[in-house]
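This report concerns only the one structure given below.
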Amino acid sequence: MRVHLCGVRGSTPAPGRDYVRYGGNTSCVAIANDGASAPALILDAGTGLREVTPLLAGEPFSGTILLTHLHWDHVHGLPFFQAGDRDDANVTVLLPAQPEGADAAEVLARDMSPPHFPITPHDLRGRWTFGTLEEGPAKAEGFTVDAREIPHKGGRTFGYRVSDGKSVVAYLPDHCPTALGPGPDGWGEYHEAALTLASGADLLIHDAFLLPEEIPALAAFGHAAADYAVALRRLAGCRQVLLAHHKPDRTDAELDLLAERLGTLPGVSLAADGACIRL
């Protein structure tokens, strides 16, 4: 499979000259099957979703978008997805099942409708279908997907494990393990859901919003430290981990320092917009 990193920033886009090399778009990863000309499975729909359109070479998008949760930085790309907002597009959007069985499109419309936005999800052109997922296995676009609920403040949040039968990607862009306790090193618990999603994965894309020294002041907002992601990679036996969901004011220079500290470890690197990983 091919894994396209279209948005690896967290919370809000980060434009400007200090954020060029790692990128400023918020969460979006596009995955293509072996031999496919374009991705058909998208994880999250942050502002990075705009960057999926060029990958389709002028063709409409036909596929599935899986949302980990409904925070702005994971959904704001939906109405700006040109390859999806056209008459010949065919898009399925799935999100974690909501409390009391709330309708998926209605929940999205709380953010995307007047007076907050000029159109609603149902006004997007093409064939759009909105639905929900429960925890457990599912099929999407030729991939097997395992969804597990993970701790993150402000709404039900899933991590995803995606397999094509040969390779496995684990995706946990927003994860607050300290919500379950400090864990053995103070970075949070290595809990069952995280270990199950990451177990033996070829690629782990994980929240690295914080530095360890920022945990006391900022972990309550719902994020993990980069060092936790590195330790989870080791404990779960992943081949490699990409540190992602970068803090919006973490500059290229500051991320370079993080790469110098952790990137020399085997199988550890920092995610950057526009990268493509072939598994």
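If you use our numbering, the sequence shown closes out at 467, no skipped numbers anywhere.
The beta-carbon is built from N, C-alpha and C at its ideal position, and this holds for glycine as well.
request  = Please report how far the alpha carbon of K341 lies from the alpha carbon of R197, in whole angstroms.
outcome  = 18 Å
ask   = Of all the options L229, G211 and E377, which has the alpha carbon lying nearest to the alpha carbon of L443?
value = G211
ask   = Smallest Cα separation from A224: which of P454, L237 and G251?
value = G251
request  = For P325, name the three-state secondary structure that DSSP assigns.
outcome  = strand
request  = Whole angstroms is fine: what's the gap from L398's alpha carbon to R190's?
outcome  = 28 Å
Same chain, Cβ closer than 6 Å to V295, neighbours up to 5 away in sequence not counted = Q286
query = Cβ of A277 within 8 Å of Cβ of G314?
reply = yes
key: For D362 and D395, believed in contact at Cβ under 8 Å, the rounded distance   = 6 Å
Residues bridged to A381 (per DSSP) = BP columns for A381 are empty, so no partner.
inquiry  = Spatial neighbours of F269 within its chain, please: C-beta separation below 6 Å, excluding the five flanking residues on both sides.
reply    = L237
inquiry  = Let's test the definition: count the other Cβ atoms within 10 Å of the Cβ of T452 and tell me whether it reaches 16, buried, or not, exposed.
reply    = exposed
request  = Scan the segment 256-342 and note each continuous beta strand (DSSP E) run of 3 residues or more that stays entirely inside, going in chain order.
outcome  = 278-284, 315-321, 324-328 and 331-337
message = I'd like the ranges of any alpha helix (DSSP H) spanning at least 4 consecutive residues and lying wholly in the segment 354-423.
response = 380-386 and 403-406
query = Can you name, in chain order, every residue of its own chain whose Cβ lies under 7 Å from the Cβ of G425, other than the five neighbours on each side?
reply = S387 and G388
ask   = With DSSP run on the structure shown, which of helix, strand or coil describes G451?
value = coil
message = Once DSSP output is grouped into helix, strand and coil, what is the label at L446?
response = helix
ask   = Tell me the DSSP bridge mates of Y348?
value = A335 and Y359
ask   = For C194, which beta-bridge partners are listed by DSSP?
value = Answer is none; C194 lacks a bridge partner.
ask   = Can you tell me whether L258 is buried or exposed, with buried defined as 16 or more other CB within 10 angstroms of its CB?
value = buried
message = Residues in the same chain with beta-carbon distance under 6 Å from P203, minus the five sequence neighbours each way, listed in chain order, please.
response = G212
key: Secondary structure of L244, DSSP reduced to three states   = helix
task = Please report the residue range of the beta strand (DSSP E) in which C426 lies.
result = Unbroken run through C426: none, as it is neither H nor E.
inquiry  = Quick check: the Cα distance between D352 and G374, rounded to an integer number of angstroms?
reply    = 35 Å
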